[in-house]
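Residue numbers (numbering that gives the first Met the number 0), protein chains in the order written: chain A, 0 to 331; chain B, 0 to 196. Ideal Cβ placement from N, Cα and C applies to all residues, glycine included. Quick caveat, the model's predicted, so the values are computed rather than measured.
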Amino acid sequence: MKVEIEKLRFGTELVKRGFAKMQKGGVIMDVTNVEQAIIAEEAGAVAVMALHKVPADIRISGGVARMADPKKIEEIMDAVTIPVMAKCRIGHFAEARVLEAIGVDMIDESEVLTPADNFFHIYKKKFVVPFVCGARNLSEAVRRIWEGAAMIRTKGEAGTGNVVEAVKHMRLINHAISIVQRTNEEKLYSLAEKFASRYLEVSKIVTEETGIRIEEEIVYEHFTIEEIVEGIYEILLDIKKLNRLPVVNFAAGGVATPADAAMMMQLGADGVFVGSGIFKSSNPTKFAKAIVEAVQHYDEPDIIAEVSKELGEPMKGIEKFSETELLQTRGT
Amino acid sequence: MKVSVVGVQGDVEEHVIITKKAMQNLGIKGDVIITRKFGAVSKSDVVIIPGGESTTISKLIFADSIAEEIIQLAESGKPIMGTCAGLIILSRFGDEQVEKTRTKLLGLLDVKVRRNAFGRQKESFQTKLQMKRIGEIDAIFIRAPVIEDVGEKVEILAKFEDKIVAVQQDNILGLAFHPELVSTKVHEYLLSLAHNL
Numbered sequence: 000m001k002v003e004i005e006k007l008r009f010g011t012e013l014v015k016r017g018f019a020k021m022q023k024g025g026v027i028m029d030v031t032n033v034e035q036a037i038i039a040e041e042a043g044a045v046a047v048m049a050l051h052k053v054p055a056d057i058r059i060s061g062g063v064a065r066m067a068d069p070k071k072i073e074e075i076m077d078a079v080t081i082p083v084m085a086k087c088r089i090g091h092f093a094e095a096r097v098l099e100a101i102g103v104d105m106i107d108e109s110e111v112l113t114p115a116d117n118f119f120h121i122y123k124k125k126f127v128v129p130f131v132c133g134a135r136n137l138s139e140a141v142r143r144i145w146e147g148a149a150m151i152r153t154k155g156e157a158g159t160g161n162v163v164e165a166v167k168h169m170r171l172i173n174h175a176i177s178i179v180q181r182t183n184e185e186k187l188y189s190l191a192e193k194f195a196s197r198y199l200e201v202s203k204i205v206t207e208e209t210g211i212r213i214e215e216e217i218v219y220e221h222f223t224i225e226e227i228v229e230g231i232y233e234i235l236l237d238i239k240k241l242n243r244l245p246v247v248n249f250a251a252g253g254v255a256t257p258a259d260a261a262m263m264m265q266l267g268a269d270g271v272f273v274g275s276g277i278f279k280s281s282n283p284t285k286f287a288k289a290i291v292e293a294v295q296h297y298d299e300p301d302i303i304a305e306v307s308k309e310l311g312e313p314m315k316g317i318e319k320f321s322e323t324e325l326l327q328t329r330g331t
Numbered sequence: 000m001k002v003s004v005v006g007v008q009g010d011v012e013e014h015v016i017i018t019k020k021a022m023q024n025l026g027i028k029g030d031v032i033i034t035r036k037f038g039a040v041s042k043s044d045v046v047i048i049p050g051g052e053s054t055t056i057s058k059l060i061f062a063d064s065i066a067e068e069i070i071q072l073a074e075s076g077k078p079i080m081g082t083c084a085g086l087i088i089l090s091r092f093g094d095e096q097v098e099k100t101r102t103k104l105l106g107l108l109d110v111k112v113r114r115n116a117f118g119r120q121k122e123s124f125q126t127k128l129q130m131k132r133i134g135e136i137d138a139i140f141i142r143a144p145v146i147e148d149v150g151e152k153v154e155i156l157a158k159f160e161d162k163i164v165a166v167q168q169d170n171i172l173g174l175a176f177h178p179e180l181v182s183t184k185v186h187e188y189l190l191s192l193a194h195n196l
C-alpha cells in the first residue's frame, strides 16, 4: 500500500486532545526520581509528572522555581513505559521548547513554578506536544483552550494537601458552564469580549505611555483583539453545545486522600493529578494504589472505605494560607 | 442489542457516543453502557475495550475479574473490539515493555504487539487509511502500538507503511489507532458482526 507522507499530520488538535482523552479516569502522579516513577507505574498511574521537587517542598524552599533538569526528566522517561509530563513556567516558551525537544509527552504550563511572563501564557498551538494548563474559573479555562491547551486542570492550591481550593475551582467552572448553556448567542459574544480583554494589558500600558492608538493592532502573537474574541466565542459555542469543556478537565491542587480523589471525580473531574499527596505520605506504595482504586470506583463508597484502611499518615497539609502564599493567583 | 464499553480508564465516553451514532446509522435499537465492575460484560452482545493506558486498564480488569468475563464472552462468539490499549490487552504476546510492567493480556488475538511503536506523543499523528471491508477512514495514532506477528487465523485489515495496524480473528477486532475519535465506520462494521450472528 502506498502512503503519501504529506498526508501524515503531527500535532493536530485531534492528536493533542486525543492524547489527553486517553488519560481519562486515570491518576497522574508527581514524581521526583526513577524509584518514585516506578512505584507510580506499578500502582496503575496513567502518567507521571517529572519534577525536581514536589509542590509542598517548592513552598518550603522558596526562591524561583524553574523547569526541572532535563537529565532528570530523561532518566524518568527511560524508566517507565507510561507517558511522562513535565512542567514549564507560565509564559516560558523556551523552557517549553526544551521539554518538547527531549520528548516529554505533555507539558504542564504551571503556576506551581515561578511565572516567567506576567502578561501572557505560551501560544500552545505552535507546539506539536500537547499542553495542560491550570484554571480557577471558566474565563481562565477558555483562554487556555483558545491558546491551544489540550487539557485543563483545576489550579486548586498545590502543595497544601487541602482539597478546598480544587473543589472551589471545579464548582465555579461547572456552574459557569451551566450558565453558558442557557445563554443566547448575543450574550455569549459579549462574554467572549469580556474574557478576551485580558489580552489587552500590554496594549493598554503602551497606549497610556504613548497616547497613540492604531488600527488593527496586533495584541498577542499574530492576533488582533477582534480575532481573539472570535476564537473565544467559538469555544463558548462549543461549551454551550457540549455542556462541558471541549477538552478534558482534571482535578489538581490539594488532592491528598482516596476520598478527596473520589469527591473530585463525583464533582465531574475527568481524572486526577496527585502532587505531594503520595510521596509525602508515610506509605507511598500503598497510598498510590489506593488513589488509583478510588478514582476507578469513585461512586462505590464500600471500595473507597476498603482502600482507605490503614494507609498510614497522609501528608500533613496546610489549613490556611495567606493571600501572598497563593500559587493559584499566578497566570490568569 | 446491548453494547458494553469497558470503562475502567481511557476514552470511554468517545466510544459510547460513536457507537450510539453507528447504531442510529444502521437502524439498530439497543443500549450502550459503561461498565466498571464484574457482571455487565457477560450480558452483552458486543464489548469494546477503549484506548487509554494498557498498564492501568489491564491491572483494573484483572483485579475485578472483568477479564475472565471478556474471555468467556469471546468464546461464545460475541464480537469484541479493542482500540490502541484495547488491542494490546486483547493480544496473546507483548513486547519487552509489556513484560517489564508485568501487564497481563487476554490472549484472544493470536498476535504479538509492540507498544509505543511509533515513539512518544510528539510522533503521534493522523492519516487516511484503507481498511479491508470498511474502506477509507481517518485514523488517529496516539503513542500507538503495532502488530508484529500474526497467527494463521488472523486476517490483516489494514497496514500503515508496512506495519500491521488492524486485524480480525473471527469475532475479535483489534486496531492500533482510534476510530472512535473521528468516524462511525469501524463501529458500524463491529455492530454488523453482532447483527449477523
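Cβ neighbour criterion (16 or more within 10 Å) applied to residue i
| i | result |
| --- | --- |
| residue 284 of chain A | exposed |
| residue 11 of chain B | buried |
| residue 23 of chain B | exposed |
| residue 178 of chain B | buried |
| residue 183 of chain B | buried |
| residue 38 of chain B | exposed |
| residue 323 of chain A | exposed |
| residue 172 of chain B | buried |
| residue 58 of chain B | buried |
| residue 14 of chain B | buried |
| residue 94 of chain B | buried |
| residue 121 of chain B | buried |
| residue 123 of chain B | buried |
| residue 88 of chain A | buried |
Contact list for residue i against chain B, beta-carbon separation under 9 Å
| i | result |
| --- | --- |
| residue 286 of chain A | The premise fails here: residue 286 of chain A is roughly 16 Å from chain B at the closest Cβ pair, so nothing lies under 9 Å. |
| residue 8 of chain A | 124, 125, 126 |
For residue j and residue i, the rounded distance between their alpha carbons
| i | j | result |
| --- | --- | --- |
| residue 53 of chain A | residue 155 of chain B | 47 Å |
| residue 185 of chain B | residue 75 of chain B | 22 Å |
| residue 119 of chain A | residue 200 of chain A | 9 Å |
| residue 108 of chain A | residue 100 of chain A | 16 Å |
| residue 3 of chain A | residue 165 of chain B | A caution first: residue 3 of chain A carries a pLDDT of 47, below 50, which makes its placement in the model too unreliable to give a value. |
| residue 151 of chain A | residue 159 of chain A | 20 Å |
| residue 0 of chain A | residue 132 of chain B | The pLDDT assigned to residue 0 of chain A is 38, lower than 50, so where the model puts this residue is not dependable; a value taken from the coordinates is nonetheless given after this. One C-alpha to the other measures close to 15 Å. |
| residue 170 of chain A | residue 12 of chain A | 27 Å |
| residue 7 of chain A | residue 176 of chain B | 14 Å |
| residue 160 of chain B | residue 188 of chain A | 46 Å |
| residue 68 of chain B | residue 44 of chain B | 13 Å |
| residue 178 of chain A | residue 143 of chain B | 38 Å |
| residue 269 of chain A | residue 21 of chain A | 10 Å |
| residue 161 of chain A | residue 275 of chain A | 11 Å |
| residue 105 of chain B | residue 29 of chain B | 27 Å |
| residue 297 of chain A | residue 7 of chain B | 11 Å |
| residue 241 of chain A | residue 209 of chain A | 44 Å |
| residue 192 of chain B | residue 326 of chain A | 54 Å |
| residue 215 of chain A | residue 329 of chain A | 29 Å |
| residue 70 of chain B | residue 107 of chain B | 7 Å |
| residue 194 of chain A | residue 235 of chain A | 10 Å |
| residue 9 of chain A | residue 125 of chain A | 12 Å |
Where residue i meets chain B, residues with beta-carbon distance less than 7 Å
| i | result |
| --- | --- |
| residue 17 of chain A | 139, 141, 177, 180 |
| residue 81 of chain A | 52, 54 |
| residue 14 of chain A | 123, 124, 125, 139, 141 |
| residue 11 of chain A | 125 |
Proximal chain B residues relative to residue i, where beta-carbon distance stays under 8 Å
| i | result |
| --- | --- |
| residue 295 of chain A | 7, 8, 35, 59 |
| residue 45 of chain A | 8, 51, 52, 55 |
| residue 40 of chain A | 54, 100 |
Partner residues on chain A for residue i, Cβ-Cβ distance less than 9 Å
| i | result |
| --- | --- |
| residue 18 of chain B | Near residue 18 of chain B there are no residues of chain A at all, since even the closest Cβ is about 16 Å away, more than 9 Å. |
| residue 11 of chain B | 23, 24 |
| residue 96 of chain B | 80 |
Partners in chain A for residue i, counting only beta-carbon separations shorter than 8 Å
| i | result |
| --- | --- |
| residue 99 of chain B | 80 |
| residue 114 of chain B | 80 |
is_contact[residue i, chain E] using C-beta, thresh 9 Å
| i | result |
| --- | --- |
| residue 134 of chain B | Given the protein chain composition of this structure (A and B), no chain E is represented. |
Chain A residues whose Cβ lies nearer than 7 Å to that of residue i
| i | result |
| --- | --- |
| residue 120 of chain B | 18, 82, 104, 105, 128, 129 |
Counting Cβ pairs, one atom from each stretch, are 3 or more of them under 8 Å apart for the region 252-271 of chain A and the region 283-293 of chain A? yes
Between the region 45-55 of chain B and the region 76-87 of chain B, do at least 3 Cβ pairs fall closer than 8 Å? yes
Which residues, in order along the region 84-107 of chain A, keep a beta-carbon less than 7 Å from a beta-carbon of chain B? 99, 102, 104, 105
At least 3 beta-carbon pairs within less than 8 Å: the region 129-142 of chain B vs the region 61-78 of chain B: no
With three or more beta-carbon pairs closer than 8 Å as the criterion, would you say the region 130-137 of chain A touches the region 145-157 of chain A? yes
Okay, do the region 26-45 of chain A and the region 68-76 of chain A touch, 3+ Cβ pairs below 8 Å being the bar? yes
Stretch pair the region 304-314 of chain A + the region 267-284 of chain A: three plus CB contacts closer than 8 Å: yes
Using Cβ-Cβ distances below 7 Å, what residues of the region 123-144 of chain A are close to chain B? 127, 128, 129
Any 3 or more C-beta pairs closer than 8 Å across the region 300-309 of chain A and the region 58-72 of chain A: no
Given 8 Å, three or more beta-carbon pairs between the region 92-99 of chain A and the region 63-73 of chain A: yes
With 7 Å as the limit, tell me which residues of the region 20-31 of chain A have their beta carbon closer than that to any beta carbon of chain B; keep them in chain order. 20, 21, 23, 24, 25
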